[in-house]
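Asks: Below are the structure tokens for one structure; questions will follow.
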Amino acid sequence: MSPRLTLGALILLVCCMSTGAVTTDICEGQQATLNCGSSVIDVVSANYGRTNRVTCISGRPRHQIRNTNCFNPTTFTLVAGMCNGHTSCSLDASNSVFSDPCSGTYKYLHVIYNCILPKTTVICEGQQDTLNCGSSHINVISANYGRTDRVTCVTGRPPSQISNTNCLNPTTLLSVAGRCNGYTSCYLYASNSVFSDPCFGTYKYLYVTYTCI
């Protein structure tokens, strides 16, 4: 197997477990998975093209790596749309995904991204709160209106109201994301009138994880 094929067959699994930006290069025709573990992806920059003569060159003739001024201005928007706010995402470095910015040049997808720990907000039933991202925008990762433990929002509540820890509302995420995603701030009210009652008799809370991107 040639060095080019060996490199081409490699699926890069990049996991950011520390602070600082991660850089990934995916050769044309290949795939890679960006993986942030329990954190979420925030794409800093991306380009599908060629800006040097050292990346993804194994087995390639000179005329395919000569052009180092190959840029695709839509790459960032596409990659951010596929990856931002997710814990992982698969990317395919191909003309069919990004179009061909420089015919005859062997390209690569160059991505720089950060892994961001999501924020957490808990709102007890009957209460309200505001998610605020300043000048950034909210991206909701998960949400549930119900109860999954016996320690959250328990003050003054009898055991019968906190014993059910399998209280889930599968529509919560869609509802919260619809109210908050893309906004710099959003108001949330933890109540049955907003989310319906997934477990009658249980004192519930709204649990939301989100990032500011």
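So the sequence shown is residues -21 to -1, 1 to 192, counted in mature numbering (1 follows the signal peptide of the UniProt record, and there is no 0).
Every residue gets a Cβ at the ideal spot worked out from N, C-alpha and C, and that includes glycine.
1) Under a Cβ-count criterion, where at least 16 other Cβ atoms within 10 Å of its own Cβ denotes burial, should F50 be classed as buried or exposed?
2) With which residues is D4 paired in a DSSP beta bridge?
3) DSSP state of T151, grouped into three classes?
4) Report buried or exposed for I(-11), applying the criterion of at least 16 other Cβ atoms within 10 angstroms of its Cβ.
5) Is the beta carbon of A59 sitting closer than 8 angstroms to the one on I5?
6) Ordered along the chain, which non-local residues of its own chain (more than five positions away) have a Cβ less than 7 angstroms from that of T131?
7) Taking the alpha carbon of F179 as the point to measure from, which residue in D128, N143, Y27 has its own alpha carbon closest?
8) Expressed to the nearest angstrom, what Euclidean distance is found between the alpha-carbon atoms of S121 and V187?
9) Of all the beta strand (DSSP E) runs that stay within the bounds of the stretch 11 to 62, which reach a length of 3 or more residues?
10) Residues in the same chain with beta-carbon distance under 6 angstroms from V76, minus the five sequence neighbours each way, listed in chain order, please.
11) Could you give the C-beta distance for C94 and S18, rounded to a whole number, given that I count them as a contact under 8 angstroms?
12) Taking just the CA atoms, how far does K86 sit from residue 202?
13) Measure from the alpha carbon of Y27 to the alpha carbon of each residue in G16, P40, N48, I20, then state which is nearest.
14) Rounded to the nearest angstrom, how far is the Cβ of T66 from that of C15, given a contact under 8 angstroms?
15) Please tell me whether S69 and Q9 are closer than 8 angstroms, where the distance is taken between their beta carbons.
16) If I follow the unbroken alpha helix (DSSP H) through I141, where does it start and stop?
17) Where does the unbroken beta strand (DSSP E) through V173 begin, and where does it stop?
18) I need the straight-line Cα distance from V173 to C146, nearest angstrom please.
Replies: A quick look at the data gives this:
1) For this step, residue 50 is matched to residue 71 along the sequence shown. Exposed, because fewer than 16 other Cβ atoms sit within 10 Å of the Cβ of F50.
2) Taking the first residue of the sequence shown as 1, we reach residue 4 at position 25. Answer is H89.
3) For the purposes of this step, residue 151 is identified with residue 172 of the sequence shown, where counting begins at 1. Correct three-state label for T151: helix.
4) Along the sequence shown, one-based indexing puts residue -11 at 11. Residue placement at I(-11) is flagged as unreliable, the pLDDT there being 31, under the threshold of 50; the coordinate-derived value follows with that caveat. Under this definition I(-11) is an exposed residue.
5) Translated into the one-based positions of the sequence shown, residue 59 becomes position 80. Translated into the one-based positions of the sequence shown, residue 5 becomes position 26. Contact: no.
6) The residue given as residue 131 occupies position 152 in the sequence shown. Only V101, Y184 meet the Cβ criterion.
7) Counting from one through the sequence shown, the residue named residue 179 turns up at place 200. If we check each option's Cα against that of F179, N143 comes out closest.
8) Counting from one through the sequence shown, the residue named residue 121 turns up at place 142. Counting from one through the sequence shown, the residue named residue 187 turns up at place 208. Distance between the alpha carbons of S121 and V187 is about 6 angstroms.
9) 19 to 28
10) Counting from 1 along the sequence shown, the entry for residue 76 is found at position 97. Within the same chain, V76 has no close Cβ partners at all.
11) Against the sequence shown, residue 94 aligns to sequence position 115. Against the sequence shown, residue 18 aligns to sequence position 39. Sure, about 4 angstroms apart at Cβ, within 8 angstroms.
12) The first residue shown for the chain is -21 and the last is 192, placing residue 202 beyond what the model contains.
13) Taking the sequence shown and counting its residues from 1, one reaches residue 27 at position 48. If we check each option's Cα against that of Y27, N48 comes out closest.
14) Against the sequence shown, residue 66 aligns to sequence position 87. Against the sequence shown, residue 15 aligns to sequence position 36. Confirmed, Cβ separation roughly 5 angstroms.
15) Within the sequence shown, the letter at position 90 stands for residue 69. Within the sequence shown, the letter at position 30 stands for residue 9. It is not a contact, given that the beta carbons lie outside the stated cut-off.
16) Counting from 1 along the sequence shown, the entry for residue 141 is found at position 162. Start and end: 138 to 141.
17) Taking the sequence shown and counting its residues from 1, the one referred to as residue 173 is at position 194. Taken as a continuous stretch (DSSP letters only), V173 belongs to no beta strand (DSSP E), being part of the alpha helix (DSSP H) at 171 to 174.
18) As a first step, residue 173 is located in the sequence shown; it is residue number 194 there, counting from the start. As a first step, residue 146 is located in the sequence shown; it is residue number 167 there, counting from the start. So the two alpha carbons sit approximately 16 angstroms from each other.
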